[in-house]
Amino acid sequence: MACIGKMAKPQELSDFLAQVERRAFKQAAYAVRDEHAALDIVQDAMLKLSEKYSQRPVEEFPMLFQRILQNVIRDYYRRQKVRNLWTTLFSSFAAGHDEDDDVLETLAPHGDEGRNDPRAELERAQILNLIEVAVRKLPQRQREAFVLRYWEEMSVEETAAVMGCSEGSVKTHCSRAVHMLAAALARKGIGL
Amino acid sequence: MQERDSAKKIVAILEQGISSLNEQTMARLASARRQAVASMNAGARADDAGLAHVAPVQVISTYLHAPGRHAWVPGVFALGCLLLVLALIQINLQKNREPVVADALLLASDLPPEAYVDEGFDAWLKNSSKP
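Following this line, the structure appears as structure tokens:
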């Protein structure tokens, strides 16, 4: 891709990262379901952007950063896959392994117990938790499409470019994601 | 349209979530951001340093392909290198051939080979050759 605009300044990079870092963290946390790993992923993506693409104009940063973030998340999945393979191999020799781990337990919302929030704030926090759990439960591609298209406010074309798929696929993923989220919330008695 | 509205409502709630991230997470994100910016500054300084970090081969290549340089310069450079290599090969062959020549002279000589390693023979030769 040709470098058309002027090169970004350090302050512009800092401003851009400050603008996207919290959403990027949540995005990674939804994907990997581990906050520490999510922070590592965001840090890695930030460093890659600054080291490899800092000479690009600041207008290109959102797309580049999202692409890097998605790649870093995928790298994490790959590493986890290899690690899980070894863990499975070793655990099959170990006695007393608990076979009844419920996957859904890992998806349970981490409530803010212990805080004396007002009732309204508690309700809001509960709804937020419900939505976050529903987003986490979405299939990977649907979650990517939903976050990029509606949270990062990218166009269908930009989302397709970041995800490496067709615009039609983006529309399908987005539509399914919204319907699944709405259905998940409706089951809990929350209408949109 | 309804789908888009639903998505916006969901995103609005998710936005509330990111505004209430804990301090530890925020500090970690800020630290990551500072590292990224520092990395960008370090990269810019390295670029300012010019050719200091460039390998010698790259320097030669840059010199040879510099704009405005005559087209025949790389050819002459390559020919020079070729001649140097041929000269080195020739010297090496020459060195390997010298013992063969010495052996031939030794065998063709009137004296036995032992005479050349006998120091007494040298002394006798000097004395006997004096008038």
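First to last, the sequence lines map onto chains F and R. For the first sequence, the working numbering assigns the number 1 to the initial residue and increments by one for each residue that follows. For the second sequence, the working numbering assigns the number 1001 to the initial residue and increments by one for each residue that follows. The beta carbon of each residue, even a glycine, is placed where N, CA and C say it ideally should be. Computed from a predicted structure; not experimentally measured.
Can you round the beta-carbon distance between residue i and residue j to whole angstroms, since I take them to be within the 8 Å contact cut?
| i | j | result |
| --- | --- | --- |
| L181/F | A134/F | 5 Å |
| A145/F | T159/F | 6 Å |
| E1003/R | S175/F | 6 Å |
| N141/F | A31/F | The residue you asked about is not Asn; residue 141/F is Arg in the sequence shown. Their Cβ separation, rounded to whole angstroms, is 11 Å, which puts R141/F and A31/F out of contact at 8 Å. |
| Q27/F | L69/F | 7 Å |
| L47/F | Q1024/R | In fact, because the Cβ distance is near 20 Å, the residues do not count as touching under 8 Å. |
| V147/F | V170/F | That pair is no contact at about 12 Å. |
| Q66/F | E121/F | Contact doesn't hold; Cβ gap of about 31 Å is too wide. |
| P1113/R | L1106/R | 6 Å |
| L128/F | I190/F | That pair is no contact at about 11 Å. |
| A18/F | A29/F | Their Cβ separation, rounded to whole angstroms, is 18 Å, which puts A18/F and A29/F out of contact at 8 Å. |
| S54/F | M1040/R | 4 Å |
| V58/F | A8/F | 4 Å |
| A161/F | M63/F | 7 Å |
| R119/F | R33/F | The pair is not a contact, with the Cβ atoms about 29 Å apart (cut-off 8 Å). |
What are the boundary residues of the alpha helix (DSSP H) that includes residue i?
| i | result |
| --- | --- |
| N1092/R | V1073 to A1108 |
| M7/F | That residue, M7/F, is in no alpha helix (DSSP H); it is neither H nor E in DSSP. |
| N129/F | R119 to K137 |
| Y1116/R | E1114 to V1117 |
| L204/F | Because chain F spans 1 through 192 in this model, residue 204/F falls outside it and cannot be assessed. |
| G191/F | Note, G191/F: premise wrong, no alpha helix (DSSP H); not H, not E. |
| E144/F | Q140 to F146 |
| V156/F | V156 to M163 |
| S1019/R | Q1002 to S1019 |
With a 10 Å radius around its C-beta and 16 neighbouring C-beta atoms as the bar for buried, classify residue i as buried or exposed.
| i | result |
| --- | --- |
| A1027/R | exposed |
| S50/F | buried |
| Q1016/R | exposed |
| G114/F | With a pLDDT of only 43 at G114/F, under 50, the local geometry of the prediction cannot be trusted, and the value read off the model is given with reservation. Classification for G114/F: exposed. |
| F16/F | buried |
| D44/F | buried |
| L138/F | buried |
| F25/F | buried |
| H194/F | The structure shown does not extend to residue 194/F, since chain F spans only 1 to 192, so no value can be given for it. |
| Y76/F | buried |
| D1118/R | exposed |
| R187/F | exposed |
| V1076/R | exposed |
| R21/F | According to the sequence shown, residue 21/F is Glu rather than Arg. Buried, since its Cβ has 16 or more Cβ neighbours within 10 Å. |
| L1029/R | buried |
| A95/F | Because A95/F carries a pLDDT of 47, less than 50, the predicted location of this residue cannot be relied on, and the following value inherits that uncertainty. That one is exposed. |
| R23/F | buried |
| I1091/R | exposed |
| L85/F | exposed |
| Y150/F | buried |
| I1089/R | exposed |
| E123/F | exposed |
| R79/F | exposed |
| A1123/R | exposed |
| A1012/R | exposed |
| L1084/R | exposed |
| R1033/R | buried |
| V72/F | buried |
Completely contained alpha helix (DSSP H) runs for the stretch 16 to 53 of chain F, where each covers 4 or more residues: 35 to 53
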